[in-house]
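Enquirer: Below you'll find the structure I mean.
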Amino acid sequence: METVEILAGGEFANAVKSLGLTSAVCTYRYQPQSMYHREAYQVWLLSKEDFDNICAIDDDDWKDNWGWWRHADGSNLGAVDCLYIINGEELMAWDGIQRKEWCKDCSDCPGTEEYKNECFHSHRYPDIINYLCNEIGASTERNVCACTIDLARQNNLTLAELFKKYLG
Numbered sequence: 538m539e540t541v542e543i544l545a546g547g548e549f550a551n552a553v554k555s556l557g558l559t560s561a562v563c564t565y566r567y568q569p570q571s572m573y574h575r576e577a578y579q580v581w582l583l584s585k586e587d588f589d590n591i592c593a594i595d596d597d598d599w600k601d602n603w604g605w606w607r608h609a610d611g612s613n614l615g616a617v618d619c620l621y622i623i624n625g626e627e628l629m630a631w632d633g634i635q636r637k638e639w640c641k642d643c644s645d646c647p648g649t650e651e652y653k654n655e656c657f658h659s660h661r662y663p664d665i666i667n668y669l670c671n672e673i674g675a676s677t678e679r680n681v682c683a684c685t686i687d688l689a690r691q692n693n694l695t696l697a698e699l700f701k702k703y704l705g
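With the working numbering applied, the sequence shown closes on residue 705, and no number is skipped along the way.
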């Protein structure tokens, strides 16, 4: 059976129940600590049929108490090419445009990768959401979804595995 992973939030379980999405399984759930002002992310695995069914629902027919969901084929950021340490784990990811601009305009170092890494700070972030927001500039559900689906695919992970490993 072909399956599709989606990123969801809010009370998406209400949509699963109301719409009779019998294949839907929540494979990851993140509840942020109260000190963080973040979305409570969920990853759901759906059959292709159930996925097609939710895609066919008009925005006007989506109930307020059903939460939200997003899916994307990937991002427009291209191939991952930089090693980051996120949540204490290695991940191949992208440098953000600001880091690339700093590097291009740098006159303080000879230009080798070793010097550039020192000059432009470490490639370390406490978690994947912090990386996406601060390095890439992705904070909306749509952009977080596109980037995480792309990162998962390019690092040979499922979306749930990516969130478990790099968000906790």
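The beta-carbon is built from N, C-alpha and C at its ideal position, and this holds for glycine as well.
#1: Would you call I666 buried or exposed, if buried means 16 or more other Cβ atoms sit within 10 Å of its Cβ?
#2: Suppose the cutoff is 6 Å on Cβ atoms and the five residues either side in sequence are ignored; what does the same chain contact list for I623 look like?
#3: Among M629, A561, E542, whose alpha-carbon lies nearest the alpha-carbon of A616?
#4: Give the range of the alpha helix (DSSP H) segment to which Q568 is assigned.
#5: Measure the CB-CB distance between G547 and W599 and report whether it falls below 8 Å.
#6: Can the beta-carbon of L558 be found less than 8 Å from the beta-carbon of D587?
#7: Pick helix, strand or coil for I594, following the three-state DSSP scheme.
#8: Does the separation of the CB atoms of Y573 and F700 fall below 8 Å?
#9: Drop a sphere of 10 angstroms on the beta-carbon of C592, count the other beta-carbons inside from all chains shown, and report buried for 16 or more, exposed for fewer.
#10: Using three-state DSSP, classify Y578 as helix, strand or coil.
#11: Give me whichever residues DSSP pairs with S584 in a beta bridge.
#12: I'd like to know whether the C-beta atoms of D610 and W631 end up nearer to each other than 8 Å.
#13: Residues bridged to Y621 by DSSP?
#14: To the nearest angstrom, report how far apart L583 and E539 are at their CA atoms.
#15: DSSP three-state label for A697, please.
#16: Put Y662 into one of helix, strand or coil per three-state DSSP.
#17: With DSSP run on the structure shown, which of helix, strand or coil describes W606?
Expert: With the given structure in hand:
#1: Buried is the call here.
#2: Y662, I665, Y668, Y703
#3: M629
#4: Here Q568 belongs to no alpha helix (DSSP H), and DSSP marks it neither H nor E.
#5: no
#6: Taking 8 Å as the cut-off, the Cβ atoms of L558 and D587 count as close.
#7: Here I594 sits in coil by DSSP.
#8: no
#9: exposed
#10: The answer is coil: DSSP assigns Y578 none of H, G, I, E or B.
#11: T540
#12: no
#13: L628
#14: 9 Å
#15: helix
#16: strand
#17: strand
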